[in-house]
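For the sequence shown, counting from 1, position 373 maps to 373 in our numbering; every step adds exactly one.
To start, the structure itself, in structure tokens.
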Amino acid sequence: MRRLRGATRDAFGLWRHRLLFLVGGIGVGLAAVLMAWLADAAQGAFRQGLALSPLLALGLTPAGFGLCAWLARDVFPNAQGSGIPQVIAARQTGRIALRRALVSLRVAAGKIVVMSLGLLFGASTGREGPTVQVGAAIMAAAGHLTPERVPGLILAGGAAGVAAAFNTPLAGIVFGIEELGRAYEARTGGLIVAAIVAAGLTALALTGNYTYFGSADAALPFGPGWIAVPLLGVLGGLAGGGFARVVILSARGLPGRLGAAVAGRPILFAAACGLGVALCGLASGGAVHGTGYEEARALLHGTGAAAWDFAPFKFLATLLSAVSGIPGGLFAPSLSVGAGLGAAVQGLFTGVPVAALVLIGMVAYLTGVLQAPITAFVIVTEMTQDHALMIPLMVAALIADAVSKAVCREGLYHALAQILLERAGPEVRTAAPVA
């Protein structure tokens with residue numbers, strides 16, 4: 001009887017852990033669908049305002065940035081930025097209070113609200129990064145009864161957030177290993193997959209099966225057109241590495257009087273960034289506002305004009321949005337910049353399908369920003385179901401990663417996470433996460 005009771009207790013504990021991952025995964029899927037709906041609604045409302053007068057952005061966007069920065073700093077602390085650095089920091093810290101502050105349900109709720117407001121006011125941000133933090137917060141809340149499992153739950157929640165946001169389960173797994181964990185944890189590997197499946201099935205049940213950018217069948221036959229691969233790899237690495245370096249520098253604090261002014265008046269600085277985004281919007285005909293999903297999809301499928309200035313304006317608008325301190329992700333805007341980069345070189349490669357150039361540009365620039373080459377080419381491949389370009393995308397990712405590391409030695413999200421931990425105090429930086 002004692003053996004039977006012991007086996008029963010062990011089985012109950014095992015299935016309780018599995019149930020936490022499954023229930024949390026369903027919650028992440030529901031949150032991802034909600035955030036997608038709110039993001040689309042917010043962008044639609046902003047575009048309706050611009051239809052009345054494009055000049056409306058000159059007042060609305062700066063004021064909105066100031067409001068979002070204030071909410072993220074004073075009302076919902078730790079809701080700034082994409083949220084992925086907070087997830088990484090929460091996994092690395094050994095202080096439970098700090099972990100809960102970084103991935104709490106309050107922060108998650110604030111993230112959803114303020115991210116939506118940012119898009120309502122014309123920010124060049126995405127929803128996928130915030131979905132990672134929200135997913136991690138939901139899973140962490142589900143794991144309060146088993147605190148020793150929380151780091152693994154946080155990893156699973158972040159990975160499930162990526163999978164549900166893009167409908168890319170493989171990319172969720174790869175992102176969890178390559179970026180959030182930087183190591184594979186055998187004991188939680190199966191449970192992470194279970195959480196991703198639960199989140200993905202929940203999202204599919206509510207939105208139906210879909211491919212994020214629609215199916216593409218572009219190919220790049222071996223020949224002179226392959227010159228585009230190293231060219232876009234270098235351009236994406238330079239631009240993405242430069243973007244990451246500026247964001248990290250801004251997070252650490254700008255030097256001199258400018259840095260002191262920014263630190264002393266963060267809300268005013270955010271409003272100034274908003275004005276810069278509004279000016280980029282006017283110069284681009286409103287194309288740089290929002291996630292950039294529609295513009296990237298149009299370029300991929302050849303239904304939109306390949307304006308040469310779209311990529312630089314979108315790059316600048318996204319950079320200003322990132323350094324302003326308002327909540328918002330980088331995935332979708334980075335894919336949009338990369339799409340514009342690929343389309344801009346179309347005139348140099350007249351024999352190459354524009355879709356192939358767009359996809360290569362997406363992978364190159366996203367790799368340059370994140371320095372996560374496997375995640376970049378897997379996520380773009382899953383978004384389009386285009387497997388014919390797998391080898392060119394891999395090559396472009398490897399080149400972009402090497403170039404980006406020459407420009408910026410630190411990975412963006414891990415550098416930002418380290419800044420968070422340093423500001424929290426040295427005693428929280430030494431504990432290694434448990435599975």
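By construction, the Cβ of each residue, glycine as well, lies at the ideal position given by its N, Cα and C atoms.
Contact check, residue i vs residue j under 8 Å by CB: the rounded distance?
i    : j    : result
E295 : S336 : 6 Å
V174 : L412 : Contact flag wrong, Cβ pair sits at about 17 Å.
I154 : R106 : Contact doesn't hold; Cβ gap of about 16 Å is too wide.
S53  : H289 : Going by Cβ atoms, the distance from S53 to H289 rounds to 14 Å, so no, they are not a contact pair.
G135 : G152 : Not really, about 13 Å apart at Cβ, beyond 8 Å.
A356 : A311 : At roughly 17 Å, the Cβ-Cβ gap does not stay under 8 Å, so A356 and A311 are not in contact.
A195 : A160 : 5 Å
A140 : V150 : 6 Å
A339 : V352 : With 8 Å as the limit, A339 and V352 do not qualify as a contact, their Cβ atoms being about 15 Å apart.
T291 : G126 : 5 Å
G29  : T202 : 3 Å
A63  : A272 : The pair is not a contact, with the Cβ atoms about 12 Å apart (cut-off 8 Å).
I419 : A198 : That pair is no contact at about 33 Å.
Counting C-beta neighbours from all protein chains within 10 Å, is the total for residue i 16 or more, i.e. buried, or is it exposed?
i    : result
G256 : exposed
F349 : buried
S324 : buried
T384 : buried
S104 : buried
A183 : Only weak support is given to the placement of A183: the predicted model assigns it a pLDDT of 47, under 50, and the question is left unresolved by the model.
A475 : The displayed coordinates of the chain run from 1 to 435. Any statement about residue 475 would go beyond what the structure contains.
P169 : buried
I444 : Examination of residue 444 is not possible in this model, given that the chain is present from 1 through 435 alone.
T303 : exposed
A205 : exposed
P130 : buried
L421 : buried
Using 8 Å as the threshold, is the C-beta distance between residue i and residue j below it?
i    : j    : result
V380 : L238 : no
G122 : L60  : yes
A332 : F313 : no
V403 : V229 : no
P327 : G118 : yes
G253 : A261 : no
A364 : L232 : yes
A42  : L120 : yes
L436 : A322 : In the structure as shown, the chain starts at 1 and stops at 435, and residue 436 therefore has no counterpart that could be examined.
G236 : G361 : yes
G110 : V132 : no
E178 : I374 : yes
F222 : L319 : no
Pull up the DSSP beta-bridge partners for residue i, would you.
i    : result
P54  : Answer by DSSP bridge pairing: none, since P54 is not bridged.
G329 : G126
G338 : In DSSP, G338 forms no bridge with anything.
G81  : P327
Inter-stretch contact (C-beta, 8 Å, three-pair minimum) for the segment 41-58 and the segment 83-93
Contact between the segment 41-58 and the segment 83-93 is absent: fewer than three C-beta pairs spanning the two stretches fall below 8 Å.
On the three-pair Cβ rule with 8 Å, is the segment 159-172 touching the segment 19-33?
Contact holds: three or more Cβ-Cβ distances are below 8 Å.
Cβ pair count under 8 Å reaching 3, the segment 91-104 against the segment 284-300
Contact between the segment 91-104 and the segment 284-300 is not established, with fewer than three Cβ pairs separated by less than 8 Å.
If contact is defined by three or more beta carbon pairs under 8 Å, each pair taking one atom from either stretch, is the segment 65-79 in contact with the segment 107-114?
Using a Cβ-Cβ distance cut-off of 8 Å, the segment 107-114 and the segment 65-79 are in contact, since at least three pairs of beta carbons, one from each stretch, lie closer than that value.
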